[in-house]
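Residue numbers (full-length UniProt numbering): 1 to 517. C-beta atoms are modelled at their ideal positions from N, C-alpha and C, and glycine is treated no differently.
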Amino acid sequence: MVPQRKRKVNRTSLILFIILLLAFFFRFYKLTEWFSFGMDQEYEAFLVKNIVEGNHIPLIGVNAGDTGIYLGPYFIYLSVIPYLLFLGNPLGFAVTASFLGVVVTYLIFVIVKKLFSLPAGLFAAFFYAASFLASYYDRSFWNPMPVPLLSLLIVYFIYRIVRGDGKYLVFLAFVFGLIFHTHLSLLIFTPILIYVLIVNRQKFSRKIIIWSLCVFLFMLAPLLLFELRHNFTNSRAVIKSFSAENNSQTSGFNNRVYHLMNFLGRFIWIPPAPDLFVEKGMCRDLLWLRKNAYPEIIGLTVLALAVFLYLHHPGKRSAAYALVMAVFSMGLLAVLFYRGNFYEYYLLFLLPFLAIVLGIVVSILNRSENLKPLAVLIVFVFLVLNLITLFTAQNSYTHNNKIAVTQFTKKYVSQDTFNLEALGECPRFGGWRYLFEYNVGTPVHSYMDSYFQWLYQNKTPSGQPEKVVLLSMIDARSAPKTIARWQEDKVRFLTGYNILAEKLLKNIHVFILSPIK
Numbered sequence: 001m002v003p004q005r006k007r008k009v010n011r012t013s014l015i016l017f018i019i020l021l022l023a024f025f026f027r028f029y030k031l032t033e034w035f036s037f038g039m040d041q042e043y044e045a046f047l048v049k050n051i052v053e054g055n056h057i058p059l060i061g062v063n064a065g066d067t068g069i070y071l072g073p074y075f076i077y078l079s080v081i082p083y084l085l086f087l088g089n090p091l092g093f094a095v096t097a098s099f100l101g102v103v104v105t106y107l108i109f110v111i112v113k114k115l116f117s118l119p120a121g122l123f124a125a126f127f128y129a130a131s132f133l134a135s136y137y138d139r140s141f142w143n144p145m146p147v148p149l150l151s152l153l154i155v156y157f158i159y160r161i162v163r164g165d166g167k168y169l170v171f172l173a174f175v176f177g178l179i180f181h182t183h184l185s186l187l188i189f190t191p192i193l194i195y196v197l198i199v200n201r202q203k204f205s206r207k208i209i210i211w212s213l214c215v216f217l218f219m220l221a222p223l224l225l226f227e228l229r230h231n232f233t234n235s236r237a238v239i240k241s242f243s244a245e246n247n248s249q250t251s252g253f254n255n256r257v258y259h260l261m262n263f264l265g266r267f268i269w270i271p272p273a274p275d276l277f278v279e280k281g282m283c284r285d286l287l288w289l290r291k292n293a294y295p296e297i298i299g300l301t302v303l304a305l306a307v308f309l310y311l312h313h314p315g316k317r318s319a320a321y322a323l324v325m326a327v328f329s330m331g332l333l334a335v336l337f338y339r340g341n342f343y344e345y346y347l348l349f350l351l352p353f354l355a356i357v358l359g360i361v362v363s364i365l366n367r368s369e370n371l372k373p374l375a376v377l378i379v380f381v382f383l384v385l386n387l388i389t390l391f392t393a394q395n396s397y398t399h400n401n402k403i404a405v406t407q408f409t410k411k412y413v414s415q416d417t418f419n420l421e422a423l424g425e426c427p428r429f430g431g432w433r434y435l436f437e438y439n440v441g442t443p444v445h446s447y448m449d450s451y452f453q454w455l456y457q458n459k460t461p462s463g464q465p466e467k468v469v470l471l472s473m474i475d476a477r478s479a480p481k482t483i484a485r486w487q488e489d490k491v492r493f494l495t496g497y498n499i500l501a502e503k504l505l506k507n508i509h510v511f512i513l514s515p516i517k
């Protein structure tokens, strides 16, 4: 009996190890090429840099979706760790983000095993590990990065409270407090939390309640201090976001439903040869290039959700089923009634639960001798389809090419002072100001100064620059009017300066210019 149990444990450990290797492969494959270092990452990198150099310790983090509502600073504080470990190299953020994705895969196994069953845990971990969509977002280091992890922990801690373990209220207070430092989409859990706390209020001792309140207030402390020092800026922004003054930032109902259904399908499979530069849907100019889910794939995801709903029954695991269904219900309500700007990444909190639903459904199929071949087929097809996407994906503006641009520039700029300019609709927001400061030197002026000047702490060189570095990234896939506008700016630059050197590095044309004397 003991040897048989030992063999089962060893087999489980081996399968889990393979799944984690798969998660690692999906998230670290072509890491330096596919690393997304854009404007959001650049902003956070400057905030972290100022903390490390002792220039400024902020009480707030980034602006939440241009609403004027600021998140808390704890994500920025935690970002100091990879910054120090990698000496300010942005690739440190890439490694951290991808590694966290592997950790989330493992936690899905652990939590689903406790809430449902061992096979369900293994299958759920597999689906999360091998989903190209999940791995794609797991590669991004920005404030929504912890959303899948936090959503998973929130549900687990709520489950433990429902099962009678009141001390988990303290952990829940801590994780819920982190919402205000990462992404406000996680507030979708608020109705679930309120309901559970009211129904289970008898399970909390006075000591637990006091500790939980203290932890939650500690998590909000920087934001509360910021409010007091800045005339309740955040509170006024929240009020404004619900008023008629903010009607410009709206999204249509059909658009939101489309994002939800597309997200459900893309979790199972993003069609081959995606361009990772456009997959987040943030670049509206190139949105038409994004790979959308096939209707048939969306239908399969909806079918899996319907089967999961059908499987819900009273019993030991009733609370776990109900919580997972509640998450999807809250997500649906958000799509129905939230009228602000809506992007796919607002749904990141659903990623672990899509894996869980698929894992449970396939684990039930796997129990039946007649249906086991179907379960094996689903796993095999899922893996093959996502591997096809992984191996055919590409990035129009790779991090490696960005580094090549800075290396070429450094040869010609050397110790000279310079300005940094860039042309192109979306590629110009590719973290260039930070990359140049890290790899080349600090520009006298850059096209990003209107966004970041307050972060420089007056450490930019002064006087007239000796050279101008011009990065031309006019994407041929853009609208004709957009291309024409940027081409006019390019002609203006090139006719107004001497061209000292130039080089076309894939789709980035680098010009080293000097003033005409």
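Cβ pair residue i, residue j closer than 8 Å
i, j, result
"S396", "D275", "yes"
"I298", "L350", "no"
"S205", "R139", "no"
"P191", "L348", "no"
"T409", "V444", "no"
"Y338", "K280", "no"
"N143", "G61", "yes"
"I154", "F176", "yes"
"F382", "I270", "no"
"L505", "A404", "yes"
"F452", "Y168", "no"
"F308", "V327", "no"
"residue 545", "L223", "Here the chain has residues from 1 to 517 only, and residue 545 is not among them."
Close-in-space but distant-in-sequence residues of the same chain around residue i (CB under 8 Å, 5 per side omitted)
i, result
"T105", "I19, L20, A23, A125, Y128 and A129"
"R229", "L59"
"V170", "I208, W211, S212 and V215"
"L500", "Y412, K467, I512, L513 and S514"
Spatial neighbours of residue i in its chain, beta-carbon cut-off 6 Å, leaving aside the 5 residues before and after
i, result
"S446", "L420 and R433"
"Q457", "N55"
"P90", "F37"
"P427", "Y397 and M473"
"A134", "Y128 and L351"
"F35", "A94 and H399"
Residue burial classification, residue i (beta-carbon count within 10 angstroms, cutoff 16)
i, result
"residue 547", "Past the edges of the chain, shown from 1 to 517, lies residue 547, and the structure says nothing about it."
"E437", "buried"
"K411", "exposed"
"D416", "exposed"
"R367", "exposed"
"residue 537", "Lying before the first or after the last residue shown, residue 537 is absent from the chain, which here runs from 1 to 517."
"A244", "The predicted model places A244 with a pLDDT of 49, which falls under 50 and marks its position as unreliable; any figure quoted below should be read in that light. Exposed: under 16 other Cβ atoms inside 10 Å."
"Y310", "exposed"
"G252", "exposed"
"S13", "exposed"
"Q41", "buried"
"R284", "exposed"
"K291", "buried"
"A273", "exposed"
"V103", "exposed"
"P480", "exposed"
"R11", "exposed"
"L225", "exposed"
"P295", "exposed"
"L516", "It should be pointed out that residue 516 corresponds to Ile in this sequence rather than to Leu. It counts as exposed."
"F157", "buried"
Neighbourhood of residue i by C-beta distance below 7 Å, restricted to the same chain and skipping five residues each side
i, result
"A334", "I188"
"R477", "L286 and L289"
"G68", "A237 and K240"
"F28", "S98"
"T96", "P82 and F141"
Whole-number beta carbon distance between residue j and residue i, since they are thought to touch under 8 Å
i, j, result
"A64", "F141", "17 Å between Cβ atoms; not a contact."
"H181", "L71", "6 Å"
"L150", "L186", "6 Å"
"G359", "F123", "4 Å"
"R266", "A293", "5 Å"
"F342", "R256", "5 Å"
"F429", "V469", "Contact doesn't hold; Cβ gap of about 16 Å is too wide."
"L178", "F109", "Not a contact, Cβ separation roughly 22 Å."
Report yes or no: do the segment 65-76 and the segment 467-483 share at least 3 C-beta pairs separated by less than 8 Å? The segment 65-76 makes no contact with the segment 467-483, as fewer than three CB pairs between them are under 8 Å.
At least 3 beta-carbon pairs within less than 8 Å: the segment 371-387 vs the segment 482-491: As far as the Cβ criterion goes, the segment 371-387 does not touch the segment 482-491, which means the pair count is below three.
Any chance the segment 162-181 sits against the segment 191-205, with 3 or more Cβ pairs inside 8 Å? Yes, the segment 162-181 touches the segment 191-205.
The segment 315-330 / the segment 498-512 touching (three or more Cβ pairs under 8 Å): Contact between the segment 315-330 and the segment 498-512 is absent, because fewer than three Cβ pairs lie under 8 Å.
Can you confirm whether the segment 322-332 touches the segment 458-470 when touching is taken to mean that 3 or more C-beta pairs between the two stretches lie within less than 8 Å? Segments in contact, no.
How about the segment 211-230 and the segment 37-50: do they share at least three Cβ pairs that are nearer than 8 Å? Inter-segment contact for the segment 211-230 and the segment 37-50 is absent: fewer than three beta-carbon pairs are separated by less than 8 Å.
Flag this pair as touching only if the segment 112-120 and the segment 356-372 have three or more C-beta atom pairs under 8 Å; answer yes or no. In short, these stretches touch, since the Cβ pair count reaches three.
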